[in-house]
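Below you'll find the structure, written out as structure tokens, and then a few comments.
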Amino acid sequence: MARGSGGDASPAAEERFRGLLEAAPDAMVIVDDTGTMTLVNAQTEALFGYRREELLGRPVELLIPSRFRAHHARHRNDYAANRQVRPMGAGLDLHGLRKDGTEFPVEISLSPLETSDGLLFSAAVRDVSDRRAAEERFRGLLEAAPDAMVIVDDTGTMTLVNAQTEALFGYRREELLGRPVELLIPSRFRAHHARHRNDYAANRQVRPMGAGLDLHGLRKDGTEFPVEISLSPLETSDGLLFSAAVRDVSDRKAAEAELTALYEQQRHIALTLQRSLMGTPPAIPGLAAAHRYQPATQGAGVGGDWFDLIPLGAGRVGILIGDVMGRGLEAAAVMGQLRSAAHALATTGMEPRALMQSLETVVGDLGVPDQLVTCCYLVIAPETREVSVCSAGHLPILVAAPGHGAHVLPVPVSAPLGVGGIPHQQTSVVLAPHALLALFTDGLIESPGCDIEHRLKALIDTIDSAPDGGDLEAVADHILTTLLPPGPGYDDDVTLLLAQVPAAPYATAALELPAVPTSASEARAFVEKVLTAWGHTHLVDDARLLASEVLTNAVQHGKGPVRLRLRCHPTELAVEVTDQSPHLPHPRLAEADEESGRGLTLVEALAHRWGARPTDTGKTTWFTLPLDKAPRPDTR
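Spelled out as structure tokens, the structure:
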């Protein structure tokens, strides 16, 4: 080093210093406080294209483009006064000038050196042309990206954005660079964003677009909009950066909302249609019942499940449940036709086996290829608690008597409707008083990957664990809550019908008569005597007249013996006349000069309800009168 007033530098120390300078990877330039270059290394010669002797003793401005030289002396003096080490990459846009006149981007690290010759300055100069070229290529790629691109550092400060970011958020580029990325986030999300950013920095996994997050952006004008963001970590010489590709999905969200609304509208129409086709079973006096229907949440949400409660008169009740295989409106349309046909057939008093055979014909006439339907129909006679059942491929009926566990009702099950050529079987079972019947479709117990027998056992256990007290609505809720997954998620319709065997009539009386004309007077006297004994004298006139007309019709057109039966239910009086003829009676309009033909017209006019049903040996004609019927005025 140069000799100064403070003493002589050791030649050995000077050689070591020169050796370190030559070993440095960067160009090293030592200047004095006047800006004169006093020492350079070989890398300086190679970088700037000068020989060493062309640089020593020359002002350092020789290596600086002319447009920057006017201000350089002031910057040097400011640095001399400050004397702080300035590291590489201090954010300054610096350039060097080669001997051949070409410019190139540099980074410069400055350090003050206190020497015996006075204050010197060490400048390490690094050519960053390759890096700047790479940065320019990166910027070019960034600008070519179809999405808004935001580069942030590990503190969340935006260091780079593209033109799409300006267009999307409404800021100029200089308004974003150096600002926290939270500027682009709605205020209600900002409190948690730093934590999410730190979590991502620890994880550093690429997060693709559409990662299931509900994200929003905030424009300069304060408007919010839905976005999708893809995140990627970037390891750079400046440290860890994060690249965020931001995509405005407003149009897609609007289209999705429109599609969702349209889907819900169509689903509502489909469900309304299905419920219209399914109908609402009437409340039947004396029959405690509860039912649940939950449509599938997949597809259109409609299917082929149906159920029905059918008052058959004289205290008898029909219960029907069925399931059309398949999904959608076609299955619902088939269901509606079958339910209407089954209801109409049941009201004629048809036996379960005959009804099932008739439905077999209906299914065949629908013209739907390979259409299969499971169906079960049962009729309850409260007086005897006898249940007549016919099942066409349907799931078992469960029965639970008070004080006893639930079990499968032992009835034969034939092939589903639509198979054809297989006779359906009917059986009768006498149930315990107040026994509970549970009918259901496969949506309640079928589950993917689970054996149906296991699920049936689970249903039986659930019925056994249901709350006591006779509240069937609570039992139905308990069954669905226990067996079905919480929230929406049904792949198939779920149908459940609970019914309790009605209580037997609290009073009955019967009389068997021969099929002769004088039996009509005996029947009238019997009716008057029984109703007087039961305290329903206000019903005597109507009941006696109607019983006489029905019995006379049986005597004239049927075969004996004739059986007359009176049953008193909680809300109505039921009168039945059974004979041995299979021919069902039909009302007709009698001519003016005819002496007969008006009996059933009277029955139709005065009875609350009436009908006829076939029996194994003949038929039963019945009518009912409400117990609260006021006495008819005496018009004599």
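Position 76, counted from 1, in the sequence shown is what the numbering used here calls 201; the numbers after and before it change by one each time, with no gaps.
A virtual CB, placed ideally from N, CA and C, is assigned to each residue, including glycine.
Source: prediction; values computed, not measured.
query = Based on the DSSP secondary-structure assignment, which residues constitute the bridge partners of H529?
reply = Paired residue(s): none; H529 is not in a bridge.
key: Alpha carbon of V314 to alpha carbon of R320, nearest angstrom   = Reading off the sequence, residue 314 comes out as Phe, not Val. If you take the alpha carbons of F314 and R320, they lie about 11 Å apart.
inquiry  = For a quick check, are the C-beta atoms of A531 and L523 less than 7 Å apart?
reply    = yes
request  = Can you grab the Cα-Cα spacing for the pair T385 / L340, in whole Å?
outcome  = 19 Å
message = With a threshold of 8 Å on Cβ separation, who are the neighbours of E720 within its own chain once the five nearest residues in sequence on each side are excluded?
response = Legend: pLDDT at E720 = 49, less than 50; position of this residue unreliable, value from coordinates given subsequently. Result list for E720: empty, nothing under 8 Å.
Whole-angstrom distance between A517 and S539, CA atom to CA atom = 5 Å
request  = Answer yes if the stretch 374-384 comes into contact with the stretch 281-301, meaning at least three C-beta pairs across the two stretches below 8 Å, and no otherwise.
outcome  = no
task = Please state whether DSSP places S590 in a helix, a strand or coil.
result = coil
inquiry  = What does the Cβ neighbour count give for T163, buried or exposed, with the cut at 16 atoms within 10 Å?
reply    = buried
query = If you run the structure through DSSP and keep just helix, strand and coil, what is D68?
reply = The structure shown does not extend to residue 68, since the chain is modelled only from 126 through 761, so no value can be given for it.
task = Ignore the nearest five residues each way along the sequence and tell me which others in T161's own chain have a CB closer than 8 Å to its CB.
result = G182, R183, P184, V185
task = Can you give me the start and stop residues for the beta strand (DSSP E) that S553 sits inside?
result = 551-555
query = What residues match up with P237 in a beta bridge as DSSP calls it?
reply = F246
key: Residues near T493 in its chain [Cβ-Cβ closer than 7 Å; skip 5 each side]   = One point to set straight first is that residue 493 is Val, not Thr, in the sequence displayed. Here the set comprises V459.
query = On the premise that G474 lies in contact with G451, defined as a C-beta separation below 8 Å, what is that separation, rounded to the nearest angstrom?
reply = Not quite, the Cβ-Cβ distance comes to about 32 Å (not below 8 Å), so this is no contact.
key: CA-to-CA distance, Q390 to T509, given in whole angstroms   = 49 Å
ask   = CA-CA distance, R264 and M274?
value = 10 Å
query = Quick one: is S513 buried, meaning 16 or more other Cβ sit within 10 Å of its Cβ, or exposed?
reply = buried
query = When you compare only the Cα positions, how much space is there between D376 and T361?
reply = 36 Å
query = Apart from the five residues just before and just after S553, which ones in its own chain have a Cβ nearer than 8 Å to its Cβ?
reply = E511, V512, S513, V514
ask   = In terms of residue numbering, what span does the alpha helix (DSSP H) encompassing E729 cover?
value = 724-731
Inter-residue spacing [alpha-carbon to alpha-carbon] between A737 and T746 = 4 Å
message = Taking only three categories from DSSP, how would you classify L181?
response = coil
request  = Indicate whether A679 and V702 have their beta-carbon atoms separated by less than 7 Å.
outcome  = yes
key: Of the residues L267, L266, R304, the one placed nearest T284, counting alpha carbons only   = R304
key: Sequence-distant residues of the same chain with beta carbon closer than 8 Å to T749, five excluded per side   = G438, A439, E697, L698, A699, V700, A732, H733, R734, W735
task = Pull up the distance between the alpha-carbon of R177 and that of D278, whole angstroms please.
result = 41 Å
ask   = Mapping DSSP to helix, strand and coil, what is E719?
value = Its pLDDT being 49, under 50, E719 is placed unreliably by the model, and the measurement read from it follows with that caveat. Coil.
Per-residue DSSP class, three states only, for L520 = coil
key: Those residues which DSSP pairs with Y388 across a bridge   = Paired residue(s): none; Y388 is not in a bridge.
Nearest-angstrom Cα separation, counted from H682 out to T742 = 15 Å
ask   = Is the CB-CB distance between G174 and R223 below 7 Å?
value = yes
query = Over what stretch of residues does the alpha helix (DSSP H) that includes L454 continue unbroken?
reply = 453-472
query = Does the pairing of the stretch 234-244 with the stretch 252-266 give three or more beta-carbon distances under 8 Å?
reply = no
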